[in-house]
Amino acid sequence: MDAVIPIIYSLGFAQGLIISVILFSKAKTLDFKLLSLLLLVLAMGCLFDDNVLSSQGTLATLIWNGNQWLYGPLLLLFVNYWSTAQHRVLRGDWFHFLPFLLFKIAVLVDHFIGLPFNASVEQTIGYALVLQGLTYSILSIRKVSKIPKDNDKRNFILFLALSFLFAWIISFIGKTSPDFENIYAVVYLLGVFVIYSISYKLFSTPQFFSLLKEDETLQSGILKIKDRSKVFLIKHEEIIWLEADDNYVKVHTTKDRFLVRSTMAAMEEKLNSHSFQRIHRSYIINLPHVAQADFSQPAIQLSSGNTLNIGKKYLDDIRQQFKKN
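The sequence shown begins at 1 in the numbering used here and counts up by one.
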């Protein structure tokens, strides 16, 4: 058994490396690039954490030590980026990487100068790492569980987060039960292979692959949106205005109204047309549908009869836009 385990760990590294490279090379959005980086770090752990490569003090080991603190933050960052549909990193997310940076600095200082690390300190750090992993896995699961069940990716990503939680639980048992070593290795590797498989399935399923594309406009002047389980192609000239609604955007057209899981910033980027103008943190208007502009209010009246307030931040830009026209 002891001779077989390193071979399986090496296969785990090879599989993780291949999948992470495929994911990173084909992914068009940051969330899946983050997922590929998470898988790469997990794959490296198969070699270093379990002594397949045990040459302590080498450059490779020095580079690796402390990277285990990336598992939790990368998982949460992936889930946050995906679930908010903002196509941007939230402000506070980078603070989650502070423990990794601090531990990495400690590793470098210990290598070149030396720190008083004894067995007790190392054991405490090990438990802190497991606690961090469990905490981030639970936070990720809670985040995903709040997403509507009709979302295409929800169940896959929820299962991915649950797999990481299971892996951290097994890691905790392995640290508290010395006799658990061989069983821990088998279960750990099984968990790794499951995570790889889910990640690859998440990426390679055709309907998911189409969602990775940055540009959802099929051609100039056409916007592709998904409202619940249906996909609609809307001409730009049919859009009157867009309205923010929490994690959704209401798209008001001349024919109907659609509810899209997105943000105003993301929709503004997709439209990318001179005819669309942001007038408020909650509103984007289509200028050809403006019936009247009243800067004394300040407000915009649309062809649909709706009157929308102009935000102070956008007032000067709106004035300049109307001067041009």
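The beta carbon of each residue, even a glycine, is placed where N, CA and C say it ideally should be.
What first and last residue would you give for the alpha helix (DSSP H) that runs through isoleucine 105?
Segment 98 to 112, the alpha helix (DSSP H) holding isoleucine 105.
Extent of the continuous beta strand (DSSP E) to which glutamate 243 belongs:
239 to 245
Inside the segment 4 to 49 only - beta strand (DSSP E) runs reaching at least 3 residues:
none
Should leucine 77 and leucine 34 be called a contact, given that it needs their Cβ atoms to be closer than 7 Å?
yes
Is it the case that the segment 292 to 299 contacts the segment 260 to 267, given that we only count it when at least three CB pairs across the two stretches are under 8 Å?
These segments do not touch.
Could you name the residues that DSSP lists as bridge partners for aspartate 294?
Note: aspartate 294 sits in a beta bridge opposite Ala299.
Three-pair Cβ contact test at 8 Å for the segment 93 to 109 versus the segment 157 to 164:
no
Three-state class that DSSP yields for threonine 263 in the structure shown:
coil
Top-ranked residue by Cα proximity to histidine 111, from Trp69, Trp64, Ile138:
Trp64
Quick check: the segment 269 to 284 against the segment 238 to 249, are there 3 or more CB pairs under 8 Å?
yes
Put asparagine 80 into one of helix, strand or coil per three-state DSSP.
helix
Assign valine 95 to buried or exposed, taking buried as 16 or more other Cβ atoms, counted over all protein chains shown, within 10 Å of its Cβ.
The question names valine, but residue 95 is phenylalanine in the sequence shown. Phenylalanine 95 should be labelled exposed.
Glutamine 321 versus asparagine 80: straight-line alpha-carbon distance, rounded
Going by the C-alpha atoms only, they are around 35 Å apart.
Taking all protein chains shown into account, do 16 or more other C-beta atoms lie within 10 angstroms of the C-beta of leucine 42, making it buried, or fewer, making it exposed?
buried
Given a cut-off of 7 Å, decide if leucine 39 and glycine 16 are closer than it, judged by their beta-carbon atoms.
yes
Can you give me the C-alpha to C-alpha distance between valine 290 and phenylalanine 258, rounded to a whole angstrom?
20 Å
Threonine 124 (DSSP reduced to helix, strand or coil)
Under the three-state reduction of DSSP output, threonine 124 falls in the helix class.
Would you identify the three-state DSSP class for asparagine 67, choosing helix, strand or coil?
helix
With 16 as the cutoff for other CB atoms within 10 Å, does leucine 218 come out buried or exposed?
With a pLDDT of 39 at leucine 218, under the threshold of 50, the modelled position of this residue cannot be trusted; read the value that follows with caution. With fewer than 16 Cβ atoms within 10 Å of its Cβ, leucine 218 is classed as exposed.
Could you tell me which residues DSSP puts in a beta bridge with isoleucine 225?
The partner list for isoleucine 225 (beta bridge, DSSP) reads Phe232.
Starting from the C-beta of isoleucine 198, find all residues in its chain whose C-beta is less than 7 Å away, skip the five residues before and the five after it, and write them out in chain order.
Contacts found: Phe156, Phe159, Leu160, Ser163.
Determine the closest residue to glycine 12 out of Asp31, Pro288, Met44, with distance taken between C-alpha atoms.
Met44
State buried or exposed for serine 171, treating a residue as buried only when at least 16 other CB atoms are found within 10 Å of its CB.
buried
Determine the direct distance from the alpha carbon of leucine 129 to that of glutamine 68, and round the result to whole angstroms.
8 Å
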